[in-house]
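Residue numbers (this note's numbering): 39 to 233.
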C-alpha cells in the first residue's frame with residue numbers, strides 16, 4: 039500500500055472526529071504573544087521548517103488550507119530550497135509526489151508540511167525526499183529538497199502550509215511569528231486544551 043493510500047485511510051477513519059474538533063480548533067487560531075500564561079494541559083512549540091515570510095492559513099489560496107479542513111497552523115513562503123524537521127519525531131507520511139510530508143512528533147502531535155499550492159500536479163518533478171518513512175528526525179534535520187526557481191517558473195505558488203492536523207485532543211494552535219521567520223525559530227505554539 040502506498041503512503042498516499044495510507045494517509046487517505048488514516049484521514050478517512052477520522053472523518054467524524056474532524057467534524058467535532060474542527061470548529062473548536064478553527065476559532066482558536068490567533069497570534070501567540072510572549073508572556074501569556076500557559077494552558078493547564080501543557081504546550082508544545084514547533085519551529086519553522088524553512089525560513090521565509092509567514093502567512094495566516096486564511097491567506098493560503100487553497101480552500102483545503104484556508105478553511106482549516108486538515109487542521110490549523112500557518113504558512114511560510116520559503117526563502118530557501120529545503121525543508122527541515124520542525125520538532126523531534128518520526129516521518130509517518132511521504133507523498134508519492136514528494137511535495138507533502140507528515141511527522142508524528144514525540145509529543146503525539148501530527149504535523150503535515152505541504153510545499154506549494156497544487157504542486158501535486160508536478161508529479162514529483164523538482165522534489166527530492168531526504169528522509170524516509172519511519173525515519174527518526176530531530177529539529178533541523180533536512181527532510182525534503184525542492185527547486186524553488188523551477189517550481190516558480192512553472193507558475194506554482196510556493197506558499198507552504200505547516201498544519202497541526204485534527205485529532206482526538208482539543209488543541210489550540212497559535213502562530214508565534216507574524217511576519218518573517220528564520221529556520222529553527224519558534225513558529226507555532228500548540229496548547230493541549232483537553233486530552
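Just so you know, even glycine gets a beta-carbon here, dropped at the ideal spot from N, CA and C.
CB contact flag (residue i, residue j, <7 Å)
| i | j | result |
| --- | --- | --- |
| residue 86 | residue 225 | yes |
| residue 141 | residue 155 | no |
| residue 111 | residue 219 | no |
| residue 120 | residue 180 | yes |
| residue 203 | residue 108 | yes |
Rounded C-alpha distance that separates residue i from residue j
| i | j | result |
| --- | --- | --- |
| residue 159 | residue 84 | 28 Å |
| residue 196 | residue 125 | 22 Å |
| residue 162 | residue 173 | 20 Å |
| residue 80 | residue 231 | 8 Å |
| residue 227 | residue 151 | 16 Å |
| residue 62 | residue 185 | Confidence is the limiting factor: at residue 62 the pLDDT is only 28, short of 50, which leaves the residue's position unreliable, though a coordinate-based value still follows. If you take the alpha carbons of residue 62 and residue 185, they lie about 37 Å apart. |
| residue 222 | residue 169 | 18 Å |
| residue 216 | residue 114 | 10 Å |
| residue 135 | residue 192 | 16 Å |
Unbroken alpha helix (DSSP H) run spanning residue i, endpoints
| i | result |
| --- | --- |
| residue 191 | 186-191 |
Cβ-Cβ separation, residue j to residue i (assumed contact under 8 Å), whole Å
| i | j | result |
| --- | --- | --- |
| residue 147 | residue 194 | With a Cβ gap of about 28 Å, residue 147 and residue 194 do not count as contacting. |
Segment limits, beta strand (DSSP E) that includes residue i
| i | result |
| --- | --- |
| residue 232 | 224-232 |
| residue 209 | 208-213 |
4-residue-minimum alpha helix (DSSP H) runs that sit fully inside the segment 78-140, ordered along the chain: 101-104
Within the segment 133-183, ranges of the beta strand (DSSP E) (whole runs, at least 3 residues): For secondary structure counted as the beta strand (DSSP E) over 3 or more consecutive residues, the segment 133-183 holds these complete runs in sequence order: 138-143, 148-152 and 165-167.
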